[in-house]
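Per this note's numbering, residue 1 is the first one in the sequence shown, and the count goes up by one each step. Cβ coordinates follow ideal geometry from the N, Cα and C atoms, glycine included.
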Amino acid sequence: MNTEVLGKLLSEPHLFKQQAFIAGKWISANNDQSFAVHNPATGQLIANVANLGAKEAEAAIQAAHSALPAWRRKTAKERAHLLRKWFELIMAHGDDLARIMTVEQGKPFAEAKGEVAYGASFVEWFAEEAKRVTGAIPSSTWTDKRMMVLKQAIGVCVAITPWNFPIAMITRKASPALAAGCTLVIKPAEQTPLSALALVELARRAGIPDGVINIITADRDRSIAVGKALCSSPQVSHLSFTGSTPVGRTLMQQCAPTVKKVALELGGHAPFIVFEDADLDAAVQGAVDSKYRNAGQTCVSSNRFYVHESLHDAFVERMARASAAISVGNGLDEGIVQGPLIEARALQKVEEQVADAVKHGARIITGGKRHPLGGLFYEPTVLANVKPAMLVMREETFGPVAAIVPFKNDDAVIAAANETEIGLAAYFYSRDIGRIWRVAEQLEYGMVGINTGLISNEVAPFGGIKQSGLGREGGSWGLEEYLEMKYLCVGL
Ligand code: SIN
1 MNTEVLGKLL SEPHLFKQQA FIAGKWISAN NDQSFAVHNP ATGQLIANVA
51 NLGAKEAEAA IQAAHSALPA WRRKTAKERA HLLRKWFELI MAHGDDLARI
101 MTVEQGKPFA EAKGEVAYGA SFVEWFAEEA KRVTGAIPSS TWTDKRMMVL
151 KQAIGVCVAI TPWNFPIAMI TRKASPALAA GCTLVIKPAE QTPLSALALV
201 ELARRAGIPD GVINIITADR DRSIAVGKAL CSSPQVSHLS FTGSTPVGRT
251 LMQQCAPTVK KVALELGGHA PFIVFEDADL DAAVQGAVDS KYRNAGQTCV
301 SSNRFYVHES LHDAFVERMA RASAAISVGN GLDEGIVQGP LIEARALQKV
351 EEQVADAVKH GARIITGGKR HPLGGLFYEP TVLANVKPAM LVMREETFGP
401 VAAIVPFKND DAVIAAANET EIGLAAYFYS RDIGRIWRVA EQLEYGMVGI
451 NTGLISNEVA PFGGIKQSGL GREGGSWGLE EYLEMKYLCV GL
């Protein structure tokens, strides 16, 4: 596939953009410098995207800063109408957006369409929420003064977004920012700029004014300089980042000198616990849903399976059967359920974890190696006889590997589940209402799935505790991130 072929796959070829977008204009880098984007399923070149640097990042901040006064002066209802239009355009171009996503990210077309709908749901939700920003009038303790609290847009915001959900992680940040009256600079991951650019083109068509949304594209090396420029600018008031915990720490440090508000959605390492009273079929289905969504490249993906010893063998057997039945291949082909991993180092990480587990005594029940298709494909894998010291139990895998450990009692399994600095998502299966409350309260995680492996939703507060991050996205909480409080004290 060459760079023109992707455009030809689309019903609306003009959604295929290779330039960045600043102040309402599509722009190339100085000297037309670009970076290559490849299809992870085939290795083919699909685009050459503008490779911008710190100077252009500053221009984007300036554009967002200039657009801010007029955008925040609009009524919430006006902003809501524009967001609603954007939502409708995203849904109307769902097939094209999903095709772009499959080709640059690898997830199967049906799953990509699911992500488009999930991403659009944030735009719809925050279009509705825009009109529900309310302040407060506390009862005054003074007889001669009255008190009020206003909520106002925080200002210029930056969104640094990951490759695993190239649309939803942008809309989850951009739509509350815009609803609140903020303007925005987006820096998408270098692996998946095309979905982001198409999304911004639709925002432009929806009538979002010039400078309100800007997007800077850069390769891995230049992303560092771009990130520094975005984090250090005194004109930027808020940074929202989704990605790894180490990068989140660095960005937080870079934001410290200008005391920016930061929202961080960082690494996961989710435990998935099956108690002896669980519905086994439902637990296996939930495990498959949670483990193999996006080939395991999901922050909330289950990483450590703890199964009560009375169900362990049956669970391993059923999980292996379900895993072996997953069809792996190019996500544009009919019936594919698992695509490739994103890049060679992701594949290496998975291989290292499996090799380490096997070296220390784990048994491969199914999978355990690169898929016969070659390239970046890895087989859905189930490991048993896993021990806590193995890498796969200590680090996020971000790949299609289910490591299963038996346990004897509730206290021990809860302690094992909590024994990590990570606190994003956890899952458990039980039918005992008393146990459900006890376990849910004791798990040290921001999100807990009970008798389900899928928890993400635009209405819910998505985010973690401990070193999984700060702040929440989605629901009314997602909008609060982009609002400042102002206290007014009025003498009578
Ligand atoms: C993520 O992996 O960062 C997001 C997953 C989700 O929204 O469900």
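* **Three-way DSSP call (helix, strand, coil) for T242 in this model** => strand
* Going by CA-CA distance only, name the one from C255, G248, R220, V226 that's closest to S237. => C255
* To do: Would you mind sorting T141 into buried or exposed? The rule is 16 or more other CB atoms within 10 Å of its CB.
  => exposed
* Taking the C-alpha atoms as reference points, what is the distance between G207 and L82? -> 6 Å
* Which of helix, strand or coil DSSP assigns to S223 -> helix
* Would you mind working out which of Q44, E124, L6 sits nearest V459, comparing C-alpha positions? => E124
* **Any non-hydrogen atom of the ligand SIN within 7 Å of E265 CB** => yes
* Would the beta-carbon of F21 be found less than 7 Å away from any heavy atom of the ligand SIN? -> no
* **First and last residue of the uninterrupted alpha helix (DSSP H) at S11** => Note, S11: premise wrong, no alpha helix (DSSP H); not H, not E.
* In three-state terms, what does DSSP make of H38? -> strand
* Just grab the DSSP bridge partners of L45 for me. => H38
* To do: Taking only heavy atoms of the ligand FMN into account, decide whether any of them is closer than 7 Å to the Cβ of F407.
  => Questions concerning the ligand FMN fall outside what the structure shown contains, since the ligands it does hold are the ligand SIN.
* Asked: Taking C-alpha atoms, which residue in S301, D410, G464, S240 lies nearest to F275?
  -> D410
* To do: Run the proximity test for P188: is its beta-carbon closer than 7 Å to any non-hydrogen atom belonging to the ligand SIN?
  => no
* Report yes if the C-beta of S223 is less than 7 Å from at least one heavy atom of the ligand SIN; otherwise report no. => no
* Just the C-alpha distance for G181 and V149, rounded to the nearest angstrom, thanks. => 17 Å
* Near the ligand SIN: S456 beta-carbon under 7 Å from a heavy atom -> yes
* Heavy atom of the ligand SIN less than 7 Å from the Cβ of P162, yes or no? -> yes
* In terms of residues, what are the limits of the beta strand (DSSP E) holding H308? -> 302-308
* Asked: Three-state secondary structure (DSSP) at F275?
  -> coil
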